[in-house]
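First residue of the sequence shown? That's 15 in the working numbering, and the numbers climb one at a time after it.
Only one structure is covered here, and it is reproduced in the block below.
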Amino acid sequence: MTTDHTPGAGKAFAAEWARLPEEYPAVNDAARDAAHDAAHRSPLQSPEQQPSDGSAVPAPAPRYGGAPAPATLSSGRIIAMVVAALLAFAAVVAVGVQWLWPAVGVGERHGEAEAGKGSWSVPYMPTGETHSTMIRGVWFTDKAVVKALPDGVHAYRPADGKELWTVRNPDGTKLCQASTDSTGDIAVFARGKGDDCSTFAAVDLASGKQLWEHTLDAEDHVVGAGDKIARSGDTVVVSAAGHRTSALRAGDGTLLWKETAELLGGKDCHGTLGTSSMGYTGGRRLVRLQSCWNEERDTVYDAVGVDPATGRAQWAYRLGEHGGEAKVLTTSPVVVNVPESRDMKQLRPVVLDDAGRLRTRLAGGPDTDRELLTTDGSPAANVQIKGDRIFVVAQDEETDATDNNKMVAWSLTDGQRLWEQRSRGYQQTFYAVASDTDDVLAYMAGNIHDPARLVRFDPATGRRTLVRRYPPTPRTAWIGADPLALISRGRLYLSAGFVSEKPGEAPRARQKALIVLPAS
Numbered sequence: 015m016t017t018d019h020t021p022g023a024g025k026a027f028a029a030e031w032a033r034l035p036e037e038y039p040a041v042n043d044a045a046r047d048a049a050h051d052a053a054h055r056s057p058l059q060s061p062e063q064q065p066s067d068g069s070a071v072p073a074p075a076p077r078y079g080g081a082p083a084p085a086t087l088s089s090g091r092i093i094a095m096v097v098a099a100l101l102a103f104a105a106v107v108a109v110g111v112q113w114l115w116p117a118v119g120v121g122e123r124h125g126e127a128e129a130g131k132g133s134w135s136v137p138y139m140p141t142g143e144t145h146s147t148m149i150r151g152v153w154f155t156d157k158a159v160v161k162a163l164p165d166g167v168h169a170y171r172p173a174d175g176k177e178l179w180t181v182r183n184p185d186g187t188k189l190c191q192a193s194t195d196s197t198g199d200i201a202v203f204a205r206g207k208g209d210d211c212s213t214f215a216a217v218d219l220a221s222g223k224q225l226w227e228h229t230l231d232a233e234d235h236v237v238g239a240g241d242k243i244a245r246s247g248d249t250v251v252v253s254a255a256g257h258r259t260s261a262l263r264a265g266d267g268t269l270l271w272k273e274t275a276e277l278l279g280g281k282d283c284h285g286t287l288g289t290s291s292m293g294y295t296g297g298r299r300l301v302r303l304q305s306c307w308n309e310e311r312d313t314v315y316d317a318v319g320v321d322p323a324t325g326r327a328q329w330a331y332r333l334g335e336h337g338g339e340a341k342v343l344t345t346s347p348v349v350v351n352v353p354e355s356r357d358m359k360q361l362r363p364v365v366l367d368d369a370g371r372l373r374t375r376l377a378g379g380p381d382t383d384r385e386l387l388t389t390d391g392s393p394a395a396n397v398q399i400k401g402d403r404i405f406v407v408a409q410d411e412e413t414d415a416t417d418n419n420k421m422v423a424w425s426l427t428d429g430q431r432l433w434e435q436r437s438r439g440y441q442q443t444f445y446a447v448a449s450d451t452d453d454v455l456a457y458m459a460g461n462i463h464d465p466a467r468l469v470r471f472d473p474a475t476g477r478r479t480l481v482r483r484y485p486p487t488p489r490t491a492w493i494g495a496d497p498l499a500l501i502s503r504g505r506l507y508l509s510a511g512f513v514s515e516k517p518g519e520a521p522r523a524r525q526k527a528l529i530v531l532p533a534s
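This is the structure in structure tokens:
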């Protein structure tokens, strides 16, 4: 990281910040981390709200470390020091924030970064919706990071954000959904006009060429559970409101099957009727949540393992009275959350084996599933499987504020609750970081006073260690609430989550669609 372009006090400040990774290495040094937090506490935080690493915070040292108190400074020296400090602070305000994060504003080219920074961002594109839907389409190849944006699919060079290619939507349409799966370097997404999101397409991530396009036929009296893309291998199951769910071949867009009563066993069942969590979830296995009427005309709910090639059921697991609120968290193995109450949204996951039989029921606690997005056809972002353990970002039923949550670990073998680690402090929230390593990682969103962090959890004990600290939320780049966090080849990618838009107003210039930061 270079700072040659930063003059005066700003340069000194930049150099000091550049040393932070060395001063706070990724080791079990909770005491030093906690001491730093205490020294940089937000005025809105109380001592007990400080971020904790799961270990005792050391008692404060004697005021002067046991040494004699320093000599009293003369008034002249005090005035000189205050003036110098104010001048340095002014210089930092003038240029420091620009150094902390590259400022890529609305109207600038995508991926623009300042030389030598190693960080870059992509401007946010308005969707025209008051509350935009999170689109989790972020994919990686050997040479690019590819992002689904409202106007199309864009590829960038990871090192500096240079735009490599773009597949743009036809005029008048916007990209409205995308799969997280890019098996074979093929990404599938949906686009449409207005509320319609029924045209699906695929792009070759290596070449940047669109491979195919398929528009679902409009059918009367078909109620969908929203716009979903559930991919399992070379099969992609697509659904949109008012259209019959269909399965396409990811490689060429060939229609494989449509969801019909006959396919559902001839029963009065619906795979995409009900709550937004109903329907298909992709991954290593294809799982369908469905509702059916039995002989007594009562509604029953099942999780069904589906053959991707034919759409036929391979097994079914009865979900119980509140199965309409169920969510598929992962499909490798299949983990389904089945609340005990319709209103409380408790986290009560069950783990199924390859034949759809109950393998184990995870021990319950005061947890809710509010942190778990499962409405787009892909497994939940805040759930990770590492070996024989499952790690879930959750909230307490009552005690957690909206800006705090926790990481919870269970054993998949016996369902035992292993540990939980709570986030603390003003707007300090965990977001699970997707990576292809065995590390259990989370991004902790910061605020205008306190730094954001990349942290690692010990899978066995939950002990938290610092990997990297980032500047407090700058005024030039902001990713918004509930970002999607991923790591690829030593870089942290933050993709925008839910962004509130005011009709007729452009988003703030600091709002970004993608922010890229060093992760090691």
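Quick reminder that beta carbons are idealized off the backbone N, C-alpha and C, glycines included.
- Cβ neighbours of Gly504 within its own chain (closer than 8 angstroms, five residues either side excluded): Pro532, Ala533, Ser534.
- Around the Cβ of Ser133, a 10 Å sphere holds 16 or more other Cβ atoms; the residue is buried.
- A residue is called buried once 16 or more other Cβ atoms fall within 10 Å of its Cβ, and Ser305 is buried on that count.
- With contacts defined by Cβ atoms closer than 8 angstroms, Ala204 and Val160 do not form a contacting pair.
- In this structure, the CA atom of Arg489 is about 11 angstroms from the CA atom of Lys526.
- Under the three-state reduction of DSSP output, Glu354 falls in the coil class, being neither helix nor strand.
- His336 and Gly247 have their C-alpha atoms spaced approximately 30 angstroms apart.
- Remark: C-beta atoms of Asp231 and Leu225 do not approach each other more closely than 8 angstroms.
- Ranking Gly325, Val181, Thr295 by CA distance to the CA of Gly279 puts Gly325 first.
- With distances taken between CA atoms, Gly240 lies nearest to Thr295 out of Gly198, Arg263, Asp496, Thr295.
- Membership of Lys242 in the beta strand (DSSP E) is indicated by the continuous run 242-246.
- Scanning its chain for C-beta atoms nearer than 6 angstroms, with the 5 sequence neighbours on each side dropped, one finds around Gly267 the residues Trp226, His228, in chain order.
- Note on geometry: alpha-carbon atoms of Val252 and His463 lie some 43 angstroms from one another.
- Rounded to the nearest whole angstrom, the CA to CA distance from Trp271 to Cys211 is 19 angstroms.
- Under a 10 Å Cβ-count criterion, Pro184 is classified as exposed, with fewer than 16 other Cβ atoms of the shown protein chains found around its own Cβ.
- Between Val320 and Val349, the C-beta gap is not smaller than 8 angstroms, which leaves the two residues out of contact.
- Of the candidates Ala244, Asp381, Tyr457, the residue whose Cα lies closest to the Cα of Val342 is Ala244.
- Glu434 sits in a strand when the DSSP states are folded into three classes.
- Under the three-state reduction of DSSP output, Glu339 falls in the helix class.
- Bridge partners of Lys400 according to DSSP: Arg403.
- By the C-beta density criterion, Gly378 is exposed, having fewer than 16 other C-beta atoms within 10 angstroms.
- Contiguous alpha helix (DSSP H) elements confined to the stretch 274-327 do not occur, taking only those with 4 or more residues.
- Contact annotation, Gly222 with Lys207: C-beta distance approximately 24 angstroms; criterion of less than 8 angstroms not satisfied.
- Between Trp424 and Ile404, the beta carbon gap of about 5 angstroms places them in contact (Cβ cut-off 8 angstroms).
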